[in-house]
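*Asks:* Quick one: the structure is below, questions incoming.
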Amino acid sequence: MKSQRSPSVLDAMAGPYDPASVESRLYDTWDESGAFQPSDDPDRRPFTIAIPPPNITGQLHNGHVLFVAYQDLMIRWQRMHGRAALWLPGTDHAAIATQNVIERELANEGLSRHDLGREGFEERFWQWKDEVGDSINVQLRRLGASVDWTREHFTLDEQLSRAVREAFVRLYEKGLIYRGRYMVNWCPDDQSAISDLEVEHIDVEGSLWHIRYPLVDGGHLTVATTRPETMLGDTAIAVHPEDERYQSLLGQKAVVPGIGRKIPVIADSFVDPEFGSGAVKVTPGHDPNDAAMGERHDLPVINIMNGDGSLNDNAGRWAGQDRFDARAAYLEFLEAEGLLERVEPHTHPVGHCSRDDAVIEPLVSEQWFVNVRPLADASTAAVNDGRIRFHPARFKNEFLRWLDEIQPWCISRQLWLGHRIPVWYCGSCGAVIVPREDPTVCPTCGGSELEQDPDVLDTWFSSGLWPFSTLGWPDDTADMRRFYPTDVMETGYDIIFFWVARMVMLGLELVGEVPFHDVYFHGLVRHLDGSKVSKTNYQPGDDPLETIEAYGADAMRFSFVTAAAPGNDMRLDLRQVERGGHFANKIWNGAKFVIGAMERTAGSDPGQPSLVDRWILSRFNQVHAQAIRDVDHFRFGEAGRALHDFLWTEFFDWYVEAAKIRLYGDDAAAAARTSATLATVLDGSLRLLHPFMPYVTEEIWRHFRAAGGAPDSPELLIDTPIPAASLDVDEDAITRVRALIDIVQGIRNARHESGVEAGRHIEARVIGGADHEPESVFIRRLARVDPLTFHPVGTTFDEPAVTARAGGVEIFLPLAGMVDLTAERERLARELAEAEATLGRAEQLLANPRFVERAPEAVVAKERERARAAAERVAQVKERQAALVGSP
RNA sequence: GGGCGCGUAGCUCAGUUGGUUAGAGCGCGCGGUUCACAUCCGCGAGGUCAUAGGUUCGAGUCCUAUCGCGCCCACCA
Numbered sequence: 074m075k076s077q078r079s080p081s082v083l084d085a086m087a088g089p090y091d092p093a094s095v096e097s098r099l100y101d102t103w104d105e106s107g108a109f110q111p112s113d114d115p116d117r118r119p120f121t122i123a124i125p126p127p128n129i130t131g132q133l134h135n136g137h138v139l140f141v142a143y144q145d146l147m148i149r150w151q152r153m154h155g156r157a158a159l160w161l162p163g164t165d166h167a168a169i170a171t172q173n174v175i176e177r178e179l180a181n182e183g184l185s186r187h188d189l190g191r192e193g194f195e196e197r198f199w200q201w202k203d204e205v206g207d208s209i210n211v212q213l214r215r216l217g218a219s220v221d222w223t224r225e226h227f228t229l230d231e232q233l234s235r236a237v238r239e240a241f242v243r244l245y246e247k248g249l250i251y252r253g254r255y256m257v258n259w260c261p262d263d264q265s266a267i268s269d270l271e272v273e274h275i276d277v278e279g280s281l282w283h284i285r286y287p288l289v290d291g292g293h294l295t296v297a298t299t300r301p302e303t304m305l306g307d308t309a310i311a312v313h314p315e316d317e318r319y320q321s322l323l324g325q326k327a328v329v330p331g332i333g334r335k336i337p338v339i340a341d342s343f344v345d346p347e348f349g350s351g352a353v354k355v356t357p358g359h360d361p362n363d364a365a366m367g368e369r370h371d372l373p374v375i376n377i378m379n380g381d382g383s384l385n386d387n388a389g390r391w392a393g394q395d396r397f398d399a400r401a402a403y404l405e406f407l408e409a410e411g412l413l414e415r416v417e418p419h420t421h422p423v424g425h426c427s428r429d430d431a432v433i434e435p436l437v438s439e440q441w442f443v444n445v446r447p448l449a450d451a452s453t454a455a456v457n458d459g460r461i462r463f464h465p466a467r468f469k470n471e472f473l474r475w476l477d478e479i480q481p482w483c484i485s486r487q488l489w490l491g492h493r494i495p496v497w498y499c500g501s502c503g504a505v506i507v508p509r510e511d512p513t514v515c516p517t518c519g520g521s522e523l524e525q526d527p528d529v530l531d532t533w534f535s536s537g538l539w540p541f542s543t544l545g546w547p548d549d550t551a552d553m554r555r556f557y558p559t560d561v562m563e564t565g566y567d568i569i570f571f572w573v574a575r576m577v578m579l580g581l582e583l584v585g586e587v588p589f590h591d592v593y594f595h596g597l598v599r600h601l602d603g604s605k606v607s608k609t610n611y612q613p614g615d616d617p618l619e620t621i622e623a624y625g626a627d628a629m630r631f632s633f634v635t636a637a638a639p640g641n642d643m644r645l646d647l648r649q650v651e652r653g654g655h656f657a658n659k660i661w662n663g664a665k666f667v668i669g670a671m672e673r674t675a676g677s678d679p680g681q682p683s684l685v686d687r688w689i690l691s692r693f694n695q696v697h698a699q700a701i702r703d704v705d706h707f708r709f710g711e712a713g714r715a716l717h718d719f720l721w722t723e724f725f726d727w728y729v730e731a732a733k734i735r736l737y738g739d740d741a742a743a744a745a746r747t748s749a750t751l752a753t754v755l756d757g758s759l760r761l762l763h764p765f766m767p768y769v770t771e772e773i774w775r776h777f778r779a780a781g782g783a784p785d786s787p788e789l790l791i792d793t794p795i796p797a798a799s800l801d802v803d804e805d806a807i808t809r810v811r812a813l814i815d816i817v818q819g820i821r822n823a824r825h826e827s828g829v830e831a832g833r834h835i836e837a838r839v840i841g842g843a844d845h846e847p848e849s850v851f852i853r854r855l856a857r858v859d860p861l862t863f864h865p866v867g868t869t870f871d872e873p874a875v876t877a878r879a880g881g882v883e884i885f886l887p888l889a890g891m892v893d894l895t896a897e898r899e900r901l902a903r904e905l906a907e908a909e910a911t912l913g914r915a916e917q918l919l920a921n922p923r924f925v926e927r928a929p930e931a932v933v934a935k936e937r938e939r940a941r942a943a944a945e946r947v948a949q950v951k952e953r954q955a956a957l958v959g960s961p
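Listed below in structure tokens is the structure:
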């Protein structure tokens, strides 16, 4: 009867890695341990990222996974490098979007927001938020985001609202916020002004109508327009001052058809004589160009439109009609009057509301604006002097160009949801009050008839304060002092202007310092058909929880990070995620092997490191250094791939296979040394990989430590330091093991091509490479050759054999009775051709004096070596061919 | 109208500052059940790096032009 097996850590690791069973447990463990809160040790330099707050209107979709993966990677990485890492979570109220969602809900109940009233609507909003507000956080937890939940914020929180108030008042007091009647982009569906950025210019196949304006003095003047209904608001017709065709008409009056208003013919060099008829109708109330022209010529501004897009009383008999109906009706009238000269098809850009696709109306209205010009200049300076850096760098130019052409920012919205504009108007004296605290009486006249401005602020106004409002600004808090400026802003390039630019401008203006030093842009996630993953284009499978359930959070995160390049869009291919899952499982199984080795050799003193020990430790040190270099340069994908490739092919394949020889051999000291090496590399790899795949590495860490690994390290991997990379790299060991691997692969290839059964051991003779003799067991075991003998360079054998060349040696496999001589001759011919071609190329290059002169010495030396080796190969192959001549 | 990105193996994509014979996963072909792992292991096929010029000893990588796809900015009616 067998004695009872001693308990093993491996008992708890049976089977493949199962993400579902560990992820939620580990997340809670981290959270409860306090690991997500930044260390308050003053010696630890802070590292801060403010999360791009998702809109509370919905859930995270796969497009959000990139930001979670990258930011958590950076946060964990820096935490493990001893920084006081703070990742600030939170959500955004997304004014228009959210109001629309709630109004839609109300509509289903047969209600409108007006039925509830402003207060009732607000109540309804908070109620709604309670219901849906947590789903984003649930998703963040599932993804493993190590955010500091104790510092969570929402843009409509009291603290952030206070920040918004302070920001508004300060900018107002400084004269940077002002109110005025200007032309704005009006969305008739939202019935609100929107900013320039929210207007999407779409090419529309429309018409260019040529229309005759009767002249008071007889005759007519033809004008071309794409928007005939706006004629109702015309206050002039303009021609180019030097346009000879129209000289005689200057100063004359034309009549607006159907309205009867007499309008002057003016000269303005804005007009392009080549376009249309060379005469332009001027509608200062409904076109930005015309507004500018109207100002130059002191023309009256006539507004013909209501907020909902219907025409008002200024439109005469077309009043009350919707703008597009009015266009048709007015055209019909013009045609009937004989004033419609002709129509031509005309494609031109038309502004649409980016949210609801309604055609934007440029119209004059009273709104609040930020004069961003000075803020933009300060931002430009911050970028130019390197206080803010962009990754990838190309976004720097885009950013600067936008700032250069920036226009005043319209911040008032005619909505109910959002931060109410903190301005009161006195009904008695007309004073405009912009206070820090809600007023009860007018400070000017003492009157109490105060009315607050009904509008709310653009949601991006509060988002623009995010990196400091979340830290307690405007108060001088400990968090502000410690964590501002934040370190990295990581977000999608699609909100570079909406958000990044505003944070930079407002941070510099209000706090006096940049809000972050590095901006990293990730690309957008797309479906396989190329369409963007987004809330408005939500498709089955876009919920990250589905993918996490199928493959695990680590798989998803790792595949996203390694499949995407900075700033480039990625098509989400689930096969990539699957590969990530396989990798997690590979590490799991590899770790089981390491732990098994540790248990097997426990109690033995390790002997001297072997060649393969020195090799794998050196390679690990190289990869370690590269990973640090890559992450420091924001090359996350390359760091992840380097770790993946090292672990899968070098550590868990070649080294492990080599390790088995000594591990299962008779030499206890050698086995213990091997086990120690396995543990060392696993230890270091888990640390480096943890920011990429937090769950599986943490879970392995637990078992690894239970088996006695990393005894002096913290219990949780999340708290464990990543040390600096060791410079101990044995180049000679790397070269030699690489050659051994090449030899093994050469033999395997030859065996396979000759049809030798996989399990069979065959004889092998190595010609040259006597220095590999001490490691012959490596070749014997991994290539399944026995006996294996070494022979001096130049040795020839006459018997039938398959030959191969790899790792700088010639391999001779005397496969008696198995050798297909024809095949072998063909193979030799192929090899000869290849060797001669290589030789030819190298010689040609070396014969070029300019190459030898100008190329770096190392490159030339390499080429010489290449030529030498090729020449040797040619000679050897020829010898072998000669030996085969006599054979059947 | 201005600007930017992309085009690399059948598919999805990497490729740092120009330097041997351009990589990965999946898929494909052949072969493998022994003690970490079949979510695995071994061997292999598959690419004129969109096209045409240029710079260079040397170009997937830098420059110019062209074609195709996508995006951003923009007030010619």
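For the first sequence, position 541 matches number 614 in the numbering used here, and the numbering has no gaps at all.
For each residue, glycine too, the CB sits at the ideal point set by N, CA and C.
If we require 3 or more residues per run, which beta strand (DSSP E) segments fall completely within the region 372-434?
*Replies:* 413-426
*Asks:* Given this structure, state the Cα-to-Cα distance separating Asp316 from Gly351, to the nearest angstrom.
*Replies:* 8 Å
*Asks:* Have a look at Pro540, Phe570, Lys608 and Val592 and flag the residue whose alpha-carbon is nearest the alpha-carbon of Leu583.
*Replies:* Pro540
*Asks:* Taking only runs that begin and end inside the region 123-161, name each unbroken beta strand (DSSP E) of 3 or more residues, in chain order.
*Replies:* As far as the region 123-161 is concerned, its whole beta strand (DSSP E) runs of at least 3 residues are 157-161.
*Asks:* By Cβ distance, which residues of its chain are closer than 8 Å to Ile884, with the 5 residues on each side in sequence left out?
*Replies:* Contacts found: Ile816, Gly819, Ile820, Ala823, Ala837, Arg838, Val839, Ile840, Thr876, Ala877 and Arg878.
*Asks:* Only counting runs of 3 or more residues, tell me where the beta strand (DSSP E) segments fall wholly within the region 538-594, in order along the chain.
*Replies:* Every beta strand (DSSP E) of 3 residues or more that sits fully in the region 538-594 is shown, in chain order, as 561-565.
*Asks:* How about Ala980 and Val355: are their beta carbons less than 8 Å apart?
*Replies:* The structure shown does not extend to residue 980, since the chain spans only 74 to 961, so no value can be given for it.
*Asks:* Going by beta carbon distance, what residues of the same chain come within less than 6 Å of His137, once the five residues before and after it are set aside?
*Replies:* none
*Asks:* Counting Cβ pairs, one atom from each stretch, are 3 or more of them under 8 Å apart for the region 158-170 and the region 486-495?
*Replies:* A contact exists between the region 158-170 and the region 486-495.
*Asks:* Would DSSP call Gly653 helix, strand or coil?
*Replies:* helix
*Asks:* My output table needs one value for Gln77: the three-state DSSP class, helix, strand or coil.
*Replies:* Residue placement at Gln77 is flagged as unreliable, the pLDDT there being 48, under the threshold of 50; the coordinate-derived value follows with that caveat. Taken through DSSP and simplified to helix, strand or coil, Gln77 comes out as coil.
*Asks:* Below 8 Å on the Cβ atoms is my contact criterion, and I expect Ser748 with Ala670 to pass it. Report the Cβ-Cβ distance as a whole number of Å.
*Replies:* Rounded, the Cβ-Cβ distance is 4 Å, consistent with contact.
*Asks:* Measure the CB-CB distance between Pro495 and Val242 and report whether it falls below 8 Å.
*Replies:* yes
*Asks:* Comparing C-alpha positions only, which one of Leu448, Ile484, Arg486 and Cys499 sits nearest to Leu473?
*Replies:* With distances taken between Cα atoms, Leu473 lies closest to Leu448.
*Asks:* Can you tell me which of the three DSSP states Gln612 falls into?
*Replies:* Correct three-state label for Gln612: coil.
*Asks:* So which of Ala85, Ile506 and Phe463 has the shortest CA-CA distance to Ile569?
*Replies:* Phe463
*Asks:* Taking the straight line between their C-alpha atoms, what separation do you get for Met256 and Ala364?
*Replies:* 8 Å
*Asks:* Distance, Cα to Cα, Val866 vs Glu938?
*Replies:* 17 Å
*Asks:* What does the Cβ neighbour count give for Trp688, buried or exposed, with the cut at 16 atoms within 10 Å?
*Replies:* buried
*Asks:* If we call anything under 8 Å between Cβ atoms a contact, is Ser677 one with Gln649?
*Replies:* No, the pair does not count as a contact, with Cβ atoms beyond the cut-off.
*Asks:* Leaving out five residues on either side along the sequence, give the residues of the same chain with a beta carbon under 7 Å from the beta carbon of Leu270.
*Replies:* Phe570 and Phe571
*Asks:* With a cut-off of 8 Å on the beta carbons, I'd call Phe442 and Pro418 a contact; round off their distance for me.
*Replies:* Contact flag wrong, Cβ pair sits at about 38 Å.
*Asks:* Can you give me the C-alpha to C-alpha distance between Gly367 and Ile250, rounded to a whole angstrom?
*Replies:* Each residue's alpha carbon lies about 25 Å from the other.
*Asks:* By how many angstroms is the C-alpha of Val769 removed from the C-alpha of Gly880?
*Replies:* 37 Å
*Asks:* With burial defined as no fewer than 16 other Cβ atoms inside 10 Å of the residue's Cβ, what is the status of Thr620: buried or exposed?
*Replies:* buried
*Asks:* Give me the residue from Pro127, Ile377 and Phe468 with the minimum Cα distance to His226.
*Replies:* Pro127
*Asks:* Helix or strand or just coil, what does DSSP make of Gln954?
*Replies:* helix
*Asks:* Alpha carbons only, please: which of Glu231, Val685, Ser501 and Asp801 is nearest the one belonging to Arg746?
*Replies:* Val685
*Asks:* For Ala831, I'd like the list of residues in its chain whose CB is within less than 7 Å of its CB, leaving aside the five on either flank, ordered along the chain.
*Replies:* none
*Asks:* In this structure, does DSSP put Phe725 in helix, strand or coil?
*Replies:* helix
*Asks:* Leaving aside the five residues before and after Glu586 along the sequence, list all residues of the same chain whose C-beta is less than 6 Å from its C-beta, in chain order.
*Replies:* Pro558
*Asks:* Measuring straight from C-alpha to C-alpha, what distance separates Asp290 and Ile339?
*Replies:* 16 Å
*Asks:* Are the Cβ atoms of Leu384 and Trp282 separated by less than 8 Å?
*Replies:* no
*Asks:* Looking at Trp160: is its Cβ nearer than 8 Å to the Cβ of Ile122?
*Replies:* yes
*Asks:* Put Lys665 into one of helix, strand or coil per three-state DSSP.
*Replies:* helix
*Asks:* Measuring CA to CA, which of Ile124, Glu273 and Asp602 is closest to Leu218?
*Replies:* First, the amino acid is wrong: residue 218 is Ala here, not Leu. Comparing Cα-Cα distances from Ala218 to each of Ile124, Glu273 and Asp602, the minimum goes to Ile124.
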